[in-house]
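Per the numbering used here, the sequence shown starts with residue 303, numbered consecutively. Comments concern the structure below.
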Amino acid sequence: MLTLCASSGACSQISIIMLEKAQANYALRAVHLAKGDHKTAEYLAVNPKGKVPALLTDTGVITETPAILLFLHAHYPDAGILPADINNVEAVSDLAWFASFFHPLITRYCKPDLLGVTTDVGAVKDVAASQLKSAYQTAEKRLKASPYWYGYDWSATDAYLFWTVNRLKRAGFDFSEFEYVIQHYQQMLASPVIKRALLKEKAL
Ligand SMILES: N[C@@H](CCC(=O)N[C@@H](CS)C(=O)NCC(=O)O)C(=O)O
Numbered sequence: 303m304l305t306l307c308a309s310s311g312a313c314s315q316i317s318i319i320m321l322e323k324a325q326a327n328y329a330l331r332a333v334h335l336a337k338g339d340h341k342t343a344e345y346l347a348v349n350p351k352g353k354v355p356a357l358l359t360d361t362g363v364i365t366e367t368p369a370i371l372l373f374l375h376a377h378y379p380d381a382g383i384l385p386a387d388i389n390n391v392e393a394v395s396d397l398a399w400f401a402s403f404f405h406p407l408i409t410r411y412c413k414p415d416l417l418g419v420t421t422d423v424g425a426v427k428d429v430a431a432s433q434l435k436s437a438y439q440t441a442e443k444r445l446k447a448s449p450y451w452y453g454y455d456w457s458a459t460d461a462y463l464f465w466t467v468n469r470l471k472r473a474g475f476d477f478s479e480f481e482y483v484i485q486h487y488q489q490m491l492a493s494p495v496i497k498r499a500l501l502k503e504k505a506l
């Protein structure tokens, strides 16, 4: 049995989507970031980093989204968590790009105050917006060539991209120049797996 510690709207959404895709037997544990649940001693005992997601497994706690996704790929090899023909080096390279470049920019854009910047919060947001545009240009080129990140089926990198768009749309980011990224988002949104995942997340 797996338990995912998650907060509505946070990057834990990516892991929920892929747990649903794997048809895994799992439960969600709500860690409400807005209420500060992630800073409590109880949660820090689970994940000392004080972040979601954290996946509780029979063999220990897994933190960091790419690690959770690679765990799911290893345990559900036929679920399409990553394409069967992709080599691990390429998958890790792509997941690391989302986790180390894309995600921090989203934090800077949506919550610049979290960085402890007290003076020019607007400037932090503007720089993040310009770097996010360069990240979406990379995604746009990729999605112009094929509907999903690795071709004709969606997998973990698509769920990652979907979450970035979902998060930034709520924050008012301008996607008008990213036709293929928005098309990808709409296609993902129409997937029954994603619909199920979002409903479960909403109930947290
Ligand atoms: N590197 C981590 C990042 C996790 C992360 O930053 N999660 C955010 C939610 S999207 C969080 O828990 N933020 C709480 C905080 O920083 O106070 C991953 O890829 O899973």
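C-beta: ideal position from N, C-alpha, C; glycine also. For clarity, every value in this text was computed on a predicted model and none was experimentally measured.
Alpha-carbon spacing of residue i relative to residue j, whole angstroms
| i | j | result |
| --- | --- | --- |
| HIS377 | TRP456 | 18 Å |
| VAL354 | GLN433 | 24 Å |
| LEU470 | TYR482 | 16 Å |
| SER493 | THR421 | 43 Å |
| ASN389 | LEU500 | 29 Å |
| PRO385 | LEU330 | 26 Å |
| ALA347 | GLU479 | 44 Å |
| GLY453 | ALA343 | 44 Å |
| PHE404 | THR466 | 8 Å |
| ALA441 | VAL363 | 31 Å |
| LEU335 | ASP428 | 25 Å |
| PHE475 | GLY418 | 22 Å |
| THR431 | LEU463 | Note on residue identity: the sequence assigns Ala, not Thr, to residue 431. Taking the straight line from one Cα to the other gives about 16 Å. |
| LEU491 | ARG472 | 15 Å |
Alpha helix (DSSP H) segment containing residue i, residue limits
| i | result |
| --- | --- |
| TYR411 | 405–412 |
| TYR482 | 481–491 |
Cβ-heavy atom distance, residue i to ligand 1, below 7 Å
| i | result |
| --- | --- |
| LEU350 | With the sequence shown as reference, residue 350 is identified as Pro, and Leu is not the correct amino acid for it. No; taking the cut-off as 7 Å, the Cβ of PRO350 has no heavy atom of ligand 1 nearer than that. |
| VAL508 | Nothing about residue 508 can be reported from this structure: the residues present for the chain run from 303 to 506 only. |
| LYS337 | no |
| GLU366 | yes |
| HIS375 | no |
| LYS353 | yes |
| HIS334 | no |
| CYS307 | no |
| LEU313 | First, the amino acid is wrong: residue 313 is Cys here, not Leu. CYS313 Cβ: within cutoff of ligand 1. |
Endpoints, the beta strand (DSSP E) within which residue i is located
| i | result |
| --- | --- |
| VAL363 | 362–365 |
| ALA398 | Careful: ALA398 lies outside any beta strand (DSSP E), inside the alpha helix (DSSP H) at 390–399. |
| ALA356 | 356–359 |
Helix, strand or coil at residue i [DSSP, three-state]
| i | result |
| --- | --- |
| ALA345 | One point to set straight first is that residue 345 is Tyr, not Ala, in the sequence displayed. Helix, per DSSP. |
| THR440 | helix |
| LEU384 | coil |
| THR466 | helix |
| THR421 | coil |
| ALA336 | coil |
| ALA505 | coil |
| ALA312 | coil |
| ALA430 | helix |
| ALA326 | coil |
Residue-chain proximity (residue i, chain E), Cβ-Cβ < 8 Å
| i | result |
| --- | --- |
| LEU416 | Going by chain labels, chain E is absent from the structure shown, which holds only one protein chain. |
Inset, instruction - Answer yes if the segment 440–453 comes into contact with the segment 410–424, meaning at least three C-beta pairs across the two stretches below 8 Å, and no otherwise. - result: Between the segment 410–424 and the segment 440–453 there are fewer than three C-beta pairs closer than 8 Å, too few to call the two in contact.
Inset, instruction - Evaluate contact between the segment 391–405 and the segment 321–330, counting only Cβ atoms and requiring at least three cross-stretch pairs below 8 Å. - result: With the rule of 3 Cβ pairs closer than 8 Å, the segment 391–405 does not count as touching the segment 321–330.
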